[in-house]
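Reviewing the structure listed below.
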Amino acid sequence: MKSALQVMKFGGTSVGDASCILRAAQIVAAGARAGKCVAVVSAMSGVTNRLIEAAKTAQCGNAKAAITILEELAAKHESTLAAVVKNEAERAKVIEKMKEVLAEGRRFCEGTALLRELSPRTLDAISSLGERLSAPLVAAAVKETGLSSEPLEASDLIVTDDFHGGADPLMKETREKSQARIFPMLEKGIVPIVTGFIGATREGELTTLGRGGSDYSATILGAALDATEVIIWTDVEGVLTADPRLIGEARTIPNITYREAAELAFFGAKVLHPKTLKPVVEAAIPVWIRNSFDPEKAGTEITPKGGRNGGVKALTAIRDVTLISLGGPGIVGLPDVVGRTFSTIAETRANVLLISQSSSQNDICFIVSSGDAERAIEALRKEFAQDLKHEKVEHINVDPNIAIVAVVGENMRGTPGIAGRTFQALGKENVNIIAIAQGSSETNISFVIEEKDVRKALLATHREFGLHLDKDGK
Ligand code: ADP
Ligand code: ASP
Ligand code: MG
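Quick note, in the working numbering, the sequence shown goes up one by one and the last residue is 507.
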């Protein structure tokens with residue numbers, strides 16, 4: 034029988050300070066003593082944001098301010114190291130590694146400031162420094178527990194395409210590289226601590242998988258290494274029925290299907306990066322979401338079938354989105370407007386979250402992540418320049434003050450009346466609905482509302498479907 038292999042991922046808050054790192058190291062050590070264990074770590078919380086700030090500051094020509102940020106980060110990691118690692122020789126080794134990484138960062142910032150130009154490639158190189166600093170720190174903490182452990186840079190393991198800032202893995206190459214590197218370490222009893230968030234192209238150019246991408250790193254490695262399970266350790270007990278920051282009475286869901294979790298992630302549930310489940314679907318590797326601050330709790334298990342309970346499982350909202358509409362009466366006679374619109378958008382790699390077209394065909398409206406909006410609009414204006422000039426297309430309008438709310442559950446299929454109940458509950462609260470979409474899989478109903486109404490809409494729907502109640506209905 035194949036021996037068990039766990040891939041564990043620790044998010045930013047789970048390695049946010051010395052005490053968190055010590056707790057994470059204990060969890061890794063327990064996993065490694067029970068079987069084989071590979072850990073994937075994020076940057077310490079807040080670090081990636083600061084690095085991006087440093088990169089943007091450098092782009093404005095201010096190398097000094099950018100370097101001040103790097104120095105501040107160096108101090109933060111060094112003081113954490115001092116609190117975590119008692120062994121002086123080990124500490125010196127980690128400091129040496131950190132200095133190397135930060136010197137690279139410094140050169141990137143100086144180059145950026147000199148040219149006043151920040152390419153996606155350089156932004157990746159700078160924003161990835163946080164993981165390259167945290168992995169040696171966590172490996173040293175694991176060593177303190179008495180085990181052998183080594184940091185690994187995922188640029189030596191995960192092979193990606195060259196889409197900087199949101200790269201996707203090339204699984205065949207990733208599988209070969211990661212198995213060749215990691216299996217011999219595991220055989221020798223060494224616990225690998227891998228940097229989350231990053232990969233590299235076939236040519237060895239560093240890439241990042243997108244913000245929050247360490248979850249994705251974990252499942253990519255889980256699939257590449259044929260892991261028995263992937264455990265995502267975070268700062269909440271699991272996947273909750275709604276964002277606990279918005280809905281205090283949200284509850285932990287014990288089990289959920291891949292499809293449900295993927296829908297929640299796609300529509301903004303921050304607990305999972307939207308692409309997290311993609312790599313593990315084929316091999317049906319279970320993914321757990323657990324609380325690193327309360328490791329006794331079971332958390333949420335995500336599996337192909339999930340639990341059979343309930344129609345509506347959870348709600349989610351995505352606020353950082355922009356509605357784009359394109360149309361006017363003239364588009365009715367214009368061939369292939371829909372095709373041209375979406376192939377233009379696809380070329381910009383903008384993430385389209387919802388599409389709706391009025392039956393009169395006067396208007397196509399769709400929603401993209403706000404970060405992608407500018408790029409998408411610019412590309413559309415270019416594509417339809419002639420049509421806009423000749424008024425065949427009258428307008429390309431943009432509304433950033435909206436949000437999408439999604440009601441998610443696989444068993445909604447075959448449960449009549451869910452849409453009716455949802456919209457009635459919203460009506461009672463005077464929430465104005467701008468557009469509605471239901472996936473043909475009937476795993477979600479999503480609707481567009483004004484951003485200011487999000488909390489009200491979530492609360493009303495959460496109550497309507499009794500998501501605040503425990504399994505006995507209390
Ligand atoms: P990490 O740093 O571990 O990757 P994140 O901050 O990315 O953690 O994700 C965890 C956070 O996601 C939680 O603290 C919670 O506020 C938020 N969140 C949003 N929606 C949900 C949900 N449905 N279930 C659980 N957490 C959610
Ligand atoms: N550190 C990266 C970020 O903040 C990746 C992650 O934490 O998952 O986006
Ligand atoms: Mg995250």
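The beta-carbon is built from N, C-alpha and C at its ideal position, and this holds for glycine as well. It should be emphasised that the depicted structure is a prediction, and the values quoted were computed from it without experimental measurement.
Among the options, whose alpha-carbon lies nearest the alpha-carbon of residue i?
| i | options | result |
| --- | --- | --- |
| R446 | I478, A439, V74 | I478 |
| L387 | S250, E462, Q471 | Q471 |
| L359 | V370, T349, C53 | V370 |
| E150 | E121, A187, C93, K119 | C93 |
| S389 | I264, H428, I469, E416 | I469 |
| T377 | E411, C70, I400 | E411 |
| V227 | E238, R235, D248 | D248 |
| T333 | L273, I357, F456 | L273 |
| E111 | N444, I60, A173, A158 | A173 |
Please list, in chain order, all residues of the same chain as residue i whose beta carbon is under 7 angstroms from its beta carbon, the five residues on each side excluded.
| i | result |
| --- | --- |
| A295 | L310 |
| A96 | C142, E143, A146 |
| E424 | G363 |
| K532 | There is no way to answer for residue 532, as the model of the chain reaches only from 34 to 507. |
| I100 | R139, C142 |
For residue i, count neighbouring Cβ atoms within 10 angstroms of its own Cβ and tell me buried if that reaches 16, exposed if not.
| i | result |
| --- | --- |
| A72 | buried |
| A63 | exposed |
| T448 | exposed |
| S52 | exposed |
| L38 | buried |
| P312 | buried |
| L297 | buried |
| L502 | exposed |
| V426 | buried |
| E293 | buried |
| K221 | exposed |
| P169 | buried |
| P433 | exposed |
| R66 | exposed |
| E129 | exposed |
| H197 | buried |
Suppose you measure from the CA of residue i to the CA of residue j; what does that come to, to the nearest Å?
| i | j | result |
| --- | --- | --- |
| M34 | L258 | Here M34 scores only 43 on pLDDT, less than 50, and its place in the model should not be relied on; the value that follows carries that caveat. C-alpha separation (whole angstroms): 16 angstroms. |
| T214 | L190 | Per the sequence shown, residue 214 should be read as Arg rather than Thr. When rounded, the distance between both Cα atoms is 7 angstroms. |
| R154 | L203 | 18 angstroms |
| V40 | A88 | 31 angstroms |
| L185 | G232 | 11 angstroms |
| A260 | Q212 | 11 angstroms |
| L147 | T90 | 12 angstroms |
| A316 | P337 | 10 angstroms |
| F216 | I264 | 19 angstroms |
| E407 | K210 | 37 angstroms |
| A107 | T381 | 36 angstroms |
| P277 | F480 | 20 angstroms |
| A98 | G79 | 17 angstroms |
| L166 | V134 | 7 angstroms |
| L516 | N444 | Here the chain has residues from 34 to 507 only, and residue 516 is not among them. |
| G339 | I85 | 38 angstroms |
Measuring only from the beta carbon, is residue i closer than 7 angstroms to any heavy atom that is part of ligand 3?
| i | result |
| --- | --- |
| G44 | yes |
| D248 | yes |
| K130 | no |
| K541 | Nothing can be reported for residue 541: it is not among the residues displayed for the chain, which extend from 34 to 507. |
Would the beta-carbon of residue i be found less than 7 angstroms away from any heavy atom of ligand 1?
| i | result |
| --- | --- |
| T377 | no |
| A302 | yes |
| P287 | no |
| P328 | no |
| D276 | yes |
Examine chain B for any beta-carbon lying closer than 8 angstroms to the beta-carbon of residue i, and answer yes or no.
| i | result |
| --- | --- |
| C53 | Of the protein chains in this structure there is only one, and it is not chain B. |
In its own chain, which residues sit with a C-beta less than 6 angstroms from the C-beta of residue i, not counting the 5 before and 5 after it?
| i | result |
| --- | --- |
| K109 | none |
| P307 | A298, F299 |
| E462 | K489, A493 |
| G44 | S75, T267 |
| A275 | A283, L348, L491, H495 |
Nearer than 7 angstroms: is that true of the beta carbon of residue i relative to any heavy atom of ligand 2?
| i | result |
| --- | --- |
| E150 | no |
| R244 | yes |
| S188 | no |
| T267 | no |
| F141 | no |
| S325 | no |
| A76 | yes |
| F230 | yes |
| T81 | yes |
Does the beta-carbon of residue i, which I'm using as the reference point, lie nearer than 7 angstroms to any heavy atom of ligand 5?
| i | result |
| --- | --- |
| A58 | Within the structure as shown, ligand 5 is missing, the only ligands being ligand 1, ligand 2 and ligand 3. |
In chain order, what residues of the same chain have a beta carbon less than 8 angstroms from the beta carbon of residue i, not counting five sequence neighbours either side?
| i | result |
| --- | --- |
| S181 | K221, G222, I223, V224 |
| R454 | E497, F498 |
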